[in-house]
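Undergrad: Numbering of the sequence shown is given in the UniProt record's numbering, commencing with residue 2 and proceeding in unit increments. Even glycine gets a Cβ: it sits at the ideal position worked out from N, Cα and C.
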Amino acid sequence: IEPLVVEDLYYSYPDGTAALRGITLALGAGENVALVGPNGSGKSTLLLHLNGLLLPGRGRIEVGGKLLSASTLEFARRFVGLVFQNPEDQLFMPTVAEDVAFGPQNLGFKGEKLRECVRSALEQVGLEPARFLQRQSFNLSIGEKKRVALAGVLAMEPEVLVLDEPSAGLDPRSRRRLMRLLAELPQTKFVATHDLDMALETCTRTIIIDRGQVVADGPSGNILADR
Ligand code: ADP
Ligand code: ADP
Numbered sequence: 002i003e004p005l006v007v008e009d010l011y012y013s014y015p016d017g018t019a020a021l022r023g024i025t026l027a028l029g030a031g032e033n034v035a036l037v038g039p040n041g042s043g044k045s046t047l048l049l050h051l052n053g054l055l056l057p058g059r060g061r062i063e064v065g066g067k068l069l070s071a072s073t074l075e076f077a078r079r080f081v082g083l084v085f086q087n088p089e090d091q092l093f094m095p096t097v098a099e100d101v102a103f104g105p106q107n108l109g110f111k112g113e114k115l116r117e118c119v120r121s122a123l124e125q126v127g128l129e130p131a132r133f134l135q136r137q138s139f140n141l142s143i144g145e146k147k148r149v150a151l152a153g154v155l156a157m158e159p160e161v162l163v164l165d166e167p168s169a170g171l172d173p174r175s176r177r178r179l180m181r182l183l184a185e186l187p188q189t190k191f192v193a194t195h196d197l198d199m200a201l202e203t204c205t206r207t208i209i210i211d212r213g214q215v216v217a218d219g220p221s222g223n224i225l226a227d228r
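Dropping the structure here:
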């Protein structure tokens, strides 16, 4: 089964802005797909639907083969890990250890299982637990904050990773490191980005949206060739 399916999705904000106008797409297991489009094209609105933070005006979303609805919301939030563009939207605890533990704790992880998934997530993002567990998140560099936010999502052991502008605001070295790190993660990935080089290098497929509609979907090399 496909981990993520979106069919004819429409969404308008309460003020009437039609942000999504008939989005259809599906991600295969293990695929890395870039989502590209100008500011205001609907990328963030689409991503917020994928783990139920927004609910469709019309259309349907399937996550791990289950129709997303009030009764599958908990499953969907565990299945799809959403990493926000701004890590400060995700980090609000006094220490890195508490920030990374926050999501898995909500899922009911405790004791040794909790400690283990926190350590393992920090290792996956290249932050040595012994050096970072007791640091204060707000004191970290932007690249480190982004990695802590990603670790907090990985600690919930999602099948699909959805990332909003992961390379935004990073210096070239942190950006390269992040790209290597993403390439090593086994999850299915859906990455909204303005960074076309990153889309080309880390995503085999690219979907372009404009004004709430899919305007291109195919191999990144073809889709991004003349952009
Ligand atoms: P980006 O293009 O970097 O993803 P956005 O343009 O989507 O940034 O906007 C960032 C934030 O501002 C989001 O939280 C979004 O919900 C909010 N936002 C964007 N446009 C509007 C709007 N017209 N009215 C209210 N909030 C908005
Ligand atoms: P992107 O992430 O591609 O920049 P968004 O999904 O943030 O695009 O925005 C899509 C459209 O919805 C834009 O016209 C934006 O102004 C509008 N929008 C975004 N958030 C809000 C909001 N909270 N209230 C009203 N309009 C919004």
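Pull up the distance between the alpha-carbon of E158 and that of V84, whole angstroms please.
TA: If you number the sequence shown from 1, residue 158 lands on position 157. If you number the sequence shown from 1, residue 84 lands on position 83. Those two C-alpha atoms are separated by around 13 angstroms.
Undergrad: In this structure, does DSSP put T203 in helix, strand or coil?
TA: For the purposes of this step, residue 203 is taken as residue 202 along the sequence shown, with counting starting at 1. Helix.
Undergrad: Please identify the residue among V216, N223 and G222 whose C-alpha is closest to the C-alpha of P39.
TA: Walking along the sequence shown from the start, residue 39 turns up at place 38. Comparing Cα-Cα distances from P39 to each of V216, N223 and G222, the minimum goes to V216.
Undergrad: What did DSSP end up calling N33 once you bin it into helix, strand or coil?
TA: Indexing the sequence shown from 1 puts residue 33 at position 32. Note: N33 maps to strand in three-state DSSP.
Undergrad: What are the start and end residues of the beta strand (DSSP E) that includes G41?
TA: Within the sequence shown, residue 41 is the residue found at index 40, counting from 1. Neither: G41 is in no beta strand (DSSP E) and is coded neither H nor E.
Undergrad: Is D16 near ligand 2, with its Cβ less than 7 angstroms from a heavy atom?
TA: Reading the sequence shown from its first residue, position 15 is the one you call residue 16. Yes, Cβ of D16 sits closer than 7 angstroms to a heavy atom of ligand 2.
Undergrad: Taking the alpha carbon of N33 as the point to measure from, which residue in I224, Q188, D227 and L225 has its own alpha carbon closest?
TA: Position 32 of the sequence shown, counting from 1, holds the residue named residue 33. Closest option to N33, Cα to Cα, is Q188.
Undergrad: Taking D90 as the reference, which of K44, D218, L151 and R116 has the closest Cα?
TA: For the purposes of this step, residue 90 is taken as the residue at position 89 of the sequence shown. Considering only alpha carbons, the answer is L151.
Undergrad: Of all the options D16, V119, Y11 and A169, which has the alpha carbon lying nearest to the alpha carbon of G43?
TA: Here residue 43 refers to the residue found at position 42 of the sequence shown. Residue Y11 is the option with its Cα nearest to G43.
Undergrad: What's the gap between the Cα of G66 and the Cα of L26?
TA: Start at 1 with the first residue of the sequence shown, and residue 66 comes out as number 65. Start at 1 with the first residue of the sequence shown, and residue 26 comes out as number 25. Whole-angstrom Cα-Cα distance: 14 angstroms.
Undergrad: Can you list, in chain order, the stretches of the beta strand (DSSP E) that have 3 or more residues and sit fully within the segment 70-102?
TA: Runs found: 81-84.
Undergrad: Buried or exposed, going by whether 16 or more other CB atoms sit within 10 Å of the CB of K147?
TA: Position 146 of the sequence shown, counted from the start, is the residue given in the question as residue 147. Buried: at least 16 other Cβ atoms inside 10 Å.
Undergrad: Run the proximity test for N52: is its beta-carbon closer than 7 angstroms to any non-hydrogen atom belonging to ligand 2?
TA: Start at 1 with the first residue of the sequence shown, and residue 52 comes out as number 51. False, no ligand heavy atom lies under 7 angstroms from that Cβ.
Undergrad: Please classify residue 277: is it buried, with 16 or more other beta-carbons within 10 angstroms of its beta-carbon, or exposed?
TA: The structure shown has nothing for residue 277, since the chain only spans 2 to 228.
Undergrad: Beta carbon of N40: closer than 7 angstroms to some heavy atom of ligand 4?
TA: Among the ligands modelled here, namely ligand 1 and ligand 2, ligand 4 does not occur.
Undergrad: Comparing alpha-carbon positions, which option in P4, I2, P88 and F80 lies nearest L171?
TA: Position 170 of the sequence shown, counting from 1, holds the residue named residue 171. Nearest C-alpha to L171: P88.
Undergrad: Are there any heavy atoms of ligand 2 lying less than 7 angstroms away from the beta-carbon of A20, as far as the coordinates show?
TA: Mapped onto the sequence shown, residue 20 falls at position 19. Answer for A20: yes, Cβ within range of ligand 2.
Undergrad: Output the distance between the C-alpha atoms of L179 and A35, rounded to the nearest integer angstrom.
TA: For the purposes of this step, residue 179 is identified with residue 178 of the sequence shown, where counting begins at 1. For the purposes of this step, residue 35 is identified with residue 34 of the sequence shown, where counting begins at 1. About 15 angstroms.
Undergrad: Buried or exposed: which applies to D227, given that a residue is buried once 16 or more other Cβ atoms fall within 10 Å of its Cβ?
TA: Residue numbering aside, residue 227 sits at position 226 when the sequence shown is read from its first letter. That one is exposed.
Undergrad: Counting along the chain, where does the beta strand (DSSP E) carrying S13 start and finish?
TA: As a first step, residue 13 is located in the sequence shown; it is residue number 12 there, counting from the start. Run containing S13: L5 to S13, per the beta strand (DSSP E) assignment.
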